[in-house]
Structure formats: structure tokens, C-alpha cells
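Numbering (the numbering used here), first residue to last: 73 to 329. Positions of the beta carbon are idealized from the N, C-alpha and C atoms, including for glycine. Everything on this sheet refers to the single structure shown next.
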Amino acid sequence: MENENGEGIISVNSIKAKSLFFDDQVKSQLDRIESTISQKNFKIYQKRLHDNKMPIGITVIFHGHSGTGKTETVYQIARRTKRTIMMVDLSQVRSKWFGESEKQVKKIFDDYRHLYSCYHVKPILFINEADGLFSKRLQIRGDSSTEQVMNTMQNIILQELERFEGILFATTNLTMNLDSAFERRFLFKVEFPNPLPMVSERIWKSLIPELKSSQIKHLVSNYQFSGGEIENVVRKYLIERVVYNGKPGFEKLTELC
Numbered sequence: 073m074e075n076e077n078g079e080g081i082i083s084v085n086s087i088k089a090k091s092l093f094f095d096d097q098v099k100s101q102l103d104r105i106e107s108t109i110s111q112k113n114f115k116i117y118q119k120r121l122h123d124n125k126m127p128i129g130i131t132v133i134f135h136g137h138s139g140t141g142k143t144e145t146v147y148q149i150a151r152r153t154k155r156t157i158m159m160v161d162l163s164q165v166r167s168k169w170f171g172e173s174e175k176q177v178k179k180i181f182d183d184y185r186h187l188y189s190c191y192h193v194k195p196i197l198f199i200n201e202a203d204g205l206f207s208k209r210l211q212i213r214g215d216s217s218t219e220q221v222m223n224t225m226q227n228i229i230l231q232e233l234e235r236f237e238g239i240l241f242a243t244t245n246l247t248m249n250l251d252s253a254f255e256r257r258f259l260f261k262v263e264f265p266n267p268l269p270m271v272s273e274r275i276w277k278s279l280i281p282e283l284k285s286s287q288i289k290h291l292v293s294n295y296q297f298s299g300g301e302i303e304n305v306v307r308k309y310l311i312e313r314v315v316y317n318g319k320p321g322f323e324k325l326t327e328l329c
């Protein structure tokens with residue numbers, strides 16, 4: 073379900089289980105986040121933060137290159153913690169409602185607060201692909217309405233994050249250009265790097281189980297792909313199976329790479 077503001081309500085039952093592979097450091101951070109927002113712990117953490125006069129919202133940002141698993145990780149954490157997702161694409165809001173972008177951004181948080189009050193198991197606000205809006209604020213040159221609108225939108229988001237009381241996940245491809253004001257307002261910040269060789273091997277093996285170890289090592293040594301890029305190659309490989317009514321050889325797989 074999606075409304076006119078680009079906000080989609082994603083139910084837990086609609087999210088399919090998917091195996092994701094990360095190095096130990098990233099996995100440890102993700103496990104900590106999932107534990108924090110589990111139904112068992114979430115209310116306890118909020119009470120402790122409240123008792124210590126701290127903001128009670130759990131805010132998380134995933135940043136890194138495209139195809140490294142940021143969006144799918146949010147889905148899987150939501151699935152395992154049984155939480156509905158309210159998903160928003162801020163770039164869509166900005167382009168579709170440019171004249172009223174500030175109002176639309178504020179409405180996103182107002183709508184989430186309403187949703188939050190209606191659910192016993194509190195939902196996740198998911199701001200996907202927030203590239204640009206979480207970057208360093210612009211210096212306004214002359215009479216640039218575009219830069220003024222961008223900075224105003226950023227300021228609204230910063231204010232909303234300051235008083236946020238729910239669960240927020242945000243993703244961005246920006247790795248080195250996050251505004252420090254945004255960094256301070258996210259409780260958890262996780263960088264998603266391209267997979268290490270041993271992680272890439274596990275991804276290849278999970279998607280094409282019949283590959284030999286020597287073939288997997290050849291692929292990993294010659295093609296430094298993200299998880300998303302590996303999946304795209306495998307999808308083309310599976311199409312080749314249908315087209316040729318059989319199993320294309322390893323040469324075809326390397327050709328697709």
C-alpha cells in the first residue's frame with residue numbers, strides 16, 4: 073500500500089526470508105541493533121533512556137555503496153522482530169512536491185507518530201535512499217531557491233530526529249559526506265563495505281550451490297562484486313538456463329561476470 077506522499081506500509085507477512093552475509097564486524101553491529109529493537113528489549117531500553125532523561129528513539133543509519141545489502145537488511149530485521157515498516161523515499165518526496173517539500177517532510181513524521189500510536193508492536197520508519205538530504209548542508213549562493221529548500225528540509229529532519237520516539241532506519245550511499253549534525257542524531261551508524269573475499273565466497277555458494285570451490289575462488293579472485301552485483305549475475309545465469317533448456321557451463325557464468 074502506498075499513499076500520495078510516497079509512503080508505503082509494508083507488512084511483516086509480505087517480507088520473504090533471505091540469507092545475507094557480512095563480515096564479523098558488520099554482523100556484530102547488526103545483531104546489536106536487532107537485539108535492541110526486539111520485542112523483548114525495546115520497551116526496556118526506552119524506559120532506561122527515559123529514566124536517564126535521554127532521547128528514547130532508536131535511530132539507525134546504514135551507509136555504503138549501492139548493492140551492499142542496506143535495504144534488504146532493514147527488511148530482514150523488520151521480519152525477524154515482527155515489525156511493520158512505513159517506508160519513505162525522500163528523493164521522491166523532494167521531486168514530486170518540490171513547492172511544498174518542507175510540509176511533506178514534516179507530514180512524514182506526523183504520519184509515523186499516528187501509526188506508532190495505533191500499533192501495539194511499534195512500527196519502523198524507513199527512510200530509504202536519503203542521498204543528498206543527509207549530506208553536508210549547502211552554502212546558499214545568491215537567490216538559490218533550490219539550496220534554500222534543501223537546507224530547510226534538512227533542518228526539519230534534524231529537528232524531528234531530536235525528538236523522535238520510535239524506531240527509525242535510514243539508508244544512504246554517501247560514505248564520506250554525511251553532515252556531522254546527522255551523525256550525532258543517529259544512535260547506530262553502520263557502514264556496509266563491499267564484501268571481503270570469504271564473504272563473497274559464501275554469497276556465490278548460497279546462490280549457485282553446485283559451484284565447485286575452485287570455481288568460486290576463481291570468481292572471487294577475478295571479480296570484486298558487491299552482493300547485489302553477484303545476485304544480478306546469478307539472475308542472468310538462471311535466465312540462460314531457461315533459454316538454453318539446461319545448465320550453461322562455467323564459461324557462460326564468467327562471461328556474464
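DSSP bridge partner residues for residue i (one or two, in chain order)
| i | result |
| --- | --- |
| residue 263 | 135 |
| residue 200 | 161 |
| residue 242 | 133 and 199 |
As assigned by DSSP and simplified to three states, the class of residue i
| i | result |
| --- | --- |
| residue 160 | strand |
| residue 280 | coil |
| residue 325 | helix |
| residue 250 | strand |
| residue 192 | coil |
| residue 91 | coil |
| residue 235 | coil |
| residue 115 | helix |
| residue 258 | coil |
| residue 127 | coil |
| residue 268 | coil |
Between the CA atoms of residue j and residue i - distance to the nearest angstrom
| i | j | result |
| --- | --- | --- |
| residue 290 | residue 297 | 13 Å |
| residue 320 | residue 284 | 15 Å |
| residue 257 | residue 325 | 44 Å |
| residue 95 | residue 137 | 16 Å |
| residue 87 | residue 237 | 25 Å |
| residue 134 | residue 184 | 20 Å |
| residue 177 | residue 267 | 34 Å |
| residue 323 | residue 270 | 22 Å |
| residue 286 | residue 264 | 27 Å |
| residue 309 | residue 99 | 29 Å |
| residue 115 | residue 223 | 34 Å |
| residue 108 | residue 317 | 48 Å |
| residue 188 | residue 149 | 18 Å |
Pair within 7 Å by beta-carbon distance, residue i and residue j
| i | j | result |
| --- | --- | --- |
| residue 206 | residue 250 | yes |
| residue 225 | residue 172 | no |
| residue 275 | residue 299 | yes |
Beta-carbon contacts of residue i that lie in its chain and below 7 Å, excluding the five residues immediately before and after
| i | result |
| --- | --- |
| residue 144 | 90 and 92 |
Close beta carbons around residue i, own chain, < 8 Å, minus the five adjacent residues each side
| i | result |
| --- | --- |
| residue 203 | 163, 244, 245 and 246 |
| residue 104 | 260 |
Proximal residues to residue i (C-beta, below 6 Å), its chain only, five neighbours per side dropped
| i | result |
| --- | --- |
| residue 128 | 118, 121, 122 and 237 |
| residue 56 | Examination of residue 56 is not possible in this model, given that the chain is present from 73 through 329 alone. |
Any non-hydrogen atom of the ligand FAD closer than 6 Å to residue i Cβ
| i | result |
| --- | --- |
| residue 83 | You won't find the ligand FAD in this model; it holds no ligand whatsoever. |
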